[in-house]
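**Q**
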Amino acid sequence: MLLVFEPDLGSPLADAIARAGERRGVEVLRWSPTAMVESVSLALTIDEGGAAVSFSVDGRPIRGDDLDGVVTLIDGFTPDLWPKYRPRDREYAATEALASWVALLTALPCPLLNPPAPDALGGAIYPPVEVSMLAAKVGLSTPSILYLDSAASFRDERADELRGSAAALGHLPLAELPLAQAWLDEARSEPIRIRGVGEARIRAVVVGDRVLEVGDVGPPEEIKRALIDLHRRIRRPLGEVWLGRGEDGRWLLEDAMRWPSAAALDYLGERLGDAIIAACTEGRRW
Amino acid sequence: MVVLVCGIPEEAPVALAIQALERRGADFLVIDPDDLGDRVRVRWSWIDGRLRGALAVGERVLDIDDIGGVYLRYLGDLTREDDSPRAVAARGTALALADLFDVLPARVVNRRRPMASNNSKPLQSLLIREAGFLVPPTLVTSDPERVRTFAAEHPSVIYKSASSVRSIVAPLAEADRARLPAIRGLVTQFQAEIKGYELRVHVVGGATFGARINSDRTDYRYAASQGGRTTMHEVEVPRPLAARCVALARALEMTFVGIDLIISDAGIVCLEVNPCPGYSYYQEATGSPIADELAAFLDGAGVEAGVEAPADQPASRESLPAS
């Protein structure tokens, strides 16, 4: 049995997983945040003997051990799920529900795509530079990143600095310098990522130990292995990556997202649902 | 090397850390959240696998390679809705600093991601249990019947928030049981109440400081406001327990924590690990030199967290008085 948490019932990726489950004889339960709050009764116990999870939905009991895997396509709960509470209590309810479900999912013995982080059910969210540092450890190059404070009075200095950075970057061209220039004109607080240029971007979806190419061209095997290794390190066995090529031919990991995009699902079709079911039923934990 | 202290200078834990850094003659800078919009500037980059950058606080300008330690207590409320140029600038600077401290090769006390484990207390219980401590029997549920069964199995049950939102720990009284159907819409955390005395252990790198707490209320922090009384005194943490506490902090990827323990007849039970401890409350009551150790650690000295806790040895009550 597979459990899928989706933002609203009927989301395309959950549909694909459900169809794959039908083909493979795996029951797929689909719960939205509304159902998780209104229809699901749950219990997590932690004691000397370990941790145990159980659910009950519409009177049907489900033990944590009954689950082959969980796919989480949501991050948490919105306060409006508790309309009868006072506004301040709604915020508290959403925070408490997230904290509880994070622990509950972590205690499950089955594969989790993705394992929850303390502040996000769908998997850890990293600042770009942290992904870059972890990527470097598995041999992947990433675009350069600039962090500049955003006080308006420093704009002129920044202009000089960006010009200086462009020179210092040498072989790595500032493909998105216009973006940086725009930032100079309207104070931004986001880090600036300097992307590589050259060949068109390539997309791929990582599902456990598989890399599915989204398009006719895919990365070479050593890059695929590095991507799998990276996703293991960031504890996100399900995700989509965008790759580019630097002018020197290096592969650059430009972005790593937690869930496959609609475009990836459109291209991969039933293969994506099949890969997700396979990653769960193979029983491996990441 | 330079130590950065990020927080409100007048707040007691920050003030004590500043005084301790002054006593040891450390080179340090205070980053006050109020100054982030104008007096603090930061710019840094990750280029070809290398961190480079500079930080300016007032007139002082540092290369980020010269930052040896960071006490990350508070960088301001990043969620506050304020679109004034100064507030926007402050948020930008705070975010740039926060991202930098996540990856800076320095003694950062503590980094953001490990601190987040406290956002889910039952998650932290799972991690504490994995690290070899007993935890209180815990039930997180939206099923009133499960609570009634749990309450029948334990002499006394308390309830408290599952998230990091501060709540007053309260016993599940008879009057509360009539309200149990209300949890159907909101999953709630219950725990068996552990009888014994409370021991707060602060870990700083590889050093530990113990404070024994006696209180006549369930939540000793609120005893005074509830007409009760709390007293505490310094105790030496027995070596096996100290090693276990240091190992727990390390397992949670933190170097400065406040660990809440209960010394019960059944053993040592860990309630919680505080990732940003308000240690001043305990230092002022016990006289333990926690701030001095914190200052030493940030300044590159102090006790390293290199003590391995024996994996097969449970947390021992040896040398601790009985409850």
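Taken in order, these protein sequences are the chains called A and B. Residue numbering for the first sequence follows the working numbering, starting at 1 and increasing by one per position. Residue numbering for the second sequence follows the working numbering, starting at 1001 and increasing by one per position. Heads up, the beta-carbon is just placed ideally off N, CA and C, and yes, glycines get one too.
How should residue 967(B) be labelled, buried or exposed, when 16 other C-beta atoms within 10 angstroms of its C-beta is the threshold for buried?
**A** Outside the displayed range of chain B (1001 to 1323) lies residue 967(B), so it cannot be described from this structure.
**Q** Check the Cβ of residue 1328(B) against every Cβ in chain A and list those closer than 8 Å, keeping chain order.
**A** Any answer about residue 1328(B) is impossible in this case: the structure gives chain B only from 1001 up to 1323.
**Q** For residue 34(A), decide whether its Cβ has a neighbour in chain B, counting only Cβ atoms nearer than 8 Å.
**A** Locating residue 34(A) in the first sequence gives position 34, counting from the first residue. It does not: the Cβ of residue 34(A) has no partner Cβ on chain B nearer than 8 Å.
**Q** Please determine, among 1116(B), 1216(B), 1121(B), 1204(B), the residue with the shortest C-alpha to C-alpha distance to residue 44(A).
**A** On the first sequence, residue 44(A) is found 44 positions in, with the first residue counted as 1. Minimum Cα distance to residue 44(A) is reached at 1121(B).
**Q** What does residue 1185(B) touch in chain A if you count any residue whose Cβ is under 9 Å from its own?
**A** Locating residue 1185(B) in the second sequence gives position 185, counting from the first residue. Within 9 Å Cβ-Cβ: 37, 38, 81, 82, 84, 85, 93.
**Q** CA-CA distance, residue 26(A) and residue 58(A)?
**A** Within the first sequence, the letter at position 26 stands for residue 26(A). Within the first sequence, the letter at position 58 stands for residue 58(A). Spanning the two alpha carbons is a distance of roughly 20 Å.
**Q** Classify residue 231(A) as helix, strand or coil using the three-state DSSP reduction.
**A** As a working note, residue 231(A) is residue 231 in the first sequence. Three-state DSSP puts residue 231(A) in a helix.
**Q** Would the stretch 1174 to 1191 of chain B count as touching the stretch 1236 to 1243 of chain B if we require 3 or more Cβ pairs under 8 Å?
**A** At 8 Å Cβ cutoff, the stretches do not touch.
**Q** In whole angstroms, what is the alpha-carbon distance linking residue 1289(B) and residue 1110(B)?
**A** To locate residue 1289(B), count along the second sequence from 1; it is residue 289. To locate residue 1110(B), count along the second sequence from 1; it is residue 110. The straight-line gap from Cα to Cα measures roughly 19 Å.
**Q** By the 10 Å Cβ neighbour count, where 16 or more other Cβ atoms means buried, how is residue 1244(B) classified, buried or exposed?
**A** In the second sequence, residue 1244(B) corresponds to position 244, counting from 1. Under this definition residue 1244(B) is a buried residue.
**Q** Using a Cβ-Cβ cutoff of 9 Å, what residues of the stretch 122 to 135 of chain A are near chain B? List them in chain order.
**A** So the list reads 124, 126, 127, 128, 129, 130, 132, 133, given in the order they occur along the chain.
**Q** Strictly under 8 Å for the Cβ-Cβ distance: is residue 223(A) near chain B by that measure?
**A** Your numbering for residue 223(A) matches position 223 in the first sequence. Chain B contact via Cβ: absent.
**Q** Leaving out the 5 sequence neighbours to the left and right, which residues in its chain are closer than 7 Å to residue 1136(B) when beta-carbon positions are compared?
**A** On the second sequence, position 136 is the one that residue 1136(B) refers to. These residues qualify, in order along the chain: 1191, 1192, 1194, 1269, 1271.
**Q** Is residue 1160(B) helix, strand or coil when you go by DSSP?
**A** Along the second sequence, one-based indexing puts residue 1160(B) at 160. Three-state result, residue 1160(B): strand.
**Q** So, does the CB of residue 43(A) fall closer than 8 Å to a CB anywhere in chain B?
**A** Walking along the first sequence from the start, residue 43(A) turns up at place 43. Taking Cβ atoms only, chain B reaches closer than 8 Å to residue 43(A), which makes this a yes.
**Q** Less than 8 Å between the CB atoms is what I'm expecting for residue 72(A) and residue 116(A), so what's the real figure, rounded?
**A** Within the first sequence, residue 72(A) is the residue found at index 72, counting from 1. Within the first sequence, residue 116(A) is the residue found at index 116, counting from 1. About 7 Å separates the two Cβ atoms, so the contact holds.
**Q** DSSP on residue 110(A), reduced to helix/strand/coil?
**A** Locating residue 110(A) in the first sequence gives position 110, counting from the first residue. It is coil, neither helix nor strand.
**Q** Hey, residue 258(A) and residue 239(A): beta-carbon distance below 8 Å or not?
**A** On the first sequence, position 258 is the one that residue 258(A) refers to. On the first sequence, position 239 is the one that residue 239(A) refers to. It is a contact, given that the beta carbons lie within the stated cut-off.
**Q** Between the Cα of residue 5(A) and those of 122(A), 241(A), 139(A), spot the shortest distance and give me the residue it belongs to.
**A** Translated into positions along the first sequence, residue 5(A) becomes position 5. The residue with the shortest Cα to Cα distance from residue 5(A) is 122(A).
**Q** Measuring only between beta-carbons, confirm whether residue 1138(B) sits less than 8 Å from chain A.
**A** Residue mapping note: residue 1138(B) aligns to position 138 of the second sequence, counting from 1. By this cut-off, residue 1138(B) is an interface position.
**Q** Taking only beta-carbon atoms, is residue 75(A) less than 8 Å away from chain B?
**A** Residue 75(A) sits at position 75 when you count from the first residue of the first sequence. Not one chain B Cβ lies under 8 Å of residue 75(A).
**Q** At a CB-CB cut-off below 8 Å, which residues of chain B make contact with residue 48(A)?
**A** As a position in the first sequence, residue 48(A) is number 48, starting the count at 1. Ordered by position in chain B, the residues that pass the 8 Å Cβ test against residue 48(A) are 1134, 1137.
**Q** For my contact list, residue 1003(B) and residue 1292(B) are in at a C-beta cut-off of 8 Å; report their separation, rounded to the angstrom.
**A** In the second sequence, the residue the question calls residue 1003(B) occupies position 3. In the second sequence, the residue the question calls residue 1292(B) occupies position 292. That pair is no contact at about 13 Å.
**Q** So for residue 1133(B), helix, strand or coil by DSSP?
**A** As a first step, residue 1133(B) is located in the second sequence; it is residue number 133 there, counting from the start. Coil at residue 1133(B), not helix or strand.
**Q** If we cut at 8 Å on Cβ distances, does residue 106(A) have a partner in chain B?
**A** By one-based count along the first sequence, residue 106(A) stands at place 106. For residue 106(A), the answer is yes, since a Cβ of chain B falls inside 8 Å of its Cβ.
**Q** According to the Cβ coordinates, are residue 252(A) and residue 245(A) closer than 8 Å?
**A** As a first step, residue 252(A) is located in the first sequence; it is residue number 252 there, counting from the start. As a first step, residue 245(A) is located in the first sequence; it is residue number 245 there, counting from the start. For residue 252(A) and residue 245(A), yes; Cβs fall inside 8 Å.
**Q** Is there contact here, the stretch 1010 to 1022 of chain B with the stretch 1080 to 1097 of chain B, by at least three beta-carbon pairs under 8 Å?
**A** No, they do not touch.
**Q** Are the C-beta atoms of residue 1060(B) and some chain A residue less than 8 Å apart?
**A** Here residue 1060(B) refers to the residue found at position 60 of the second sequence. No, its Cβ sits nowhere closer than 8 Å to a Cβ of chain A.
**Q** Does chain A have any CB closer than 8 Å to the CB of residue 1105(B)?
**A** Residue numbering aside, residue 1105(B) sits at position 105 when the second sequence is read from its first letter. By this cut-off, residue 1105(B) is not an interface position.
**Q** Residues in the stretch 237 to 260 of chain A with C-beta within 8 Å of chain B's C-beta atoms, listed in sequence order?
**A** From the stretch 237 to 260 of chain A, no residue has a Cβ closer than 8 Å to chain B.
**Q** How would you label residue 1007(B), buried or exposed, when you count the other beta carbons within 10 angstroms and need 16 or more for buried?
**A** The sequence position of residue 1007(B) within the second sequence is 7, counting from 1. Classification for residue 1007(B): buried.
**Q** Which chain B residues sit within Cβ distance under 9 Å of residue 289(A)?
**A** This structure gives no information on residue 289(A), because the portion of chain A shown stretches from 1 to 286.
**Q** Strictly below 7 Å CB to CB, what residues from chain B border residue 145(A)?
**A** Stepping through the first sequence from its first residue, residue 145(A) is reached at position 145. Neighbours of residue 145(A) on chain B, chain order: 1045, 1046.
**Q** Strictly below 7 Å CB to CB, what residues from chain B border residue 71(A)?
**A** Counting from one through the first sequence, the residue named residue 71(A) turns up at place 71. In chain order: nothing, as chain B lies at least about 20 Å away.
**Q** Of all the CB atoms in chain A, is at least one closer than 8 Å to the CB of residue 1121(B)?
**A** What you label residue 1121(B) is simply residue 121 of the second sequence in a count that begins at 1. Taking Cβ atoms only, chain A reaches closer than 8 Å to residue 1121(B), which makes this a yes.
**Q** Just to confirm, is the Cβ distance from residue 1042(B) to residue 1053(B) under 8 Å?
**A** Residue 1042(B) sits at position 42 when you count from the first residue of the second sequence. Residue 1053(B) sits at position 53 when you count from the first residue of the second sequence. Yes.
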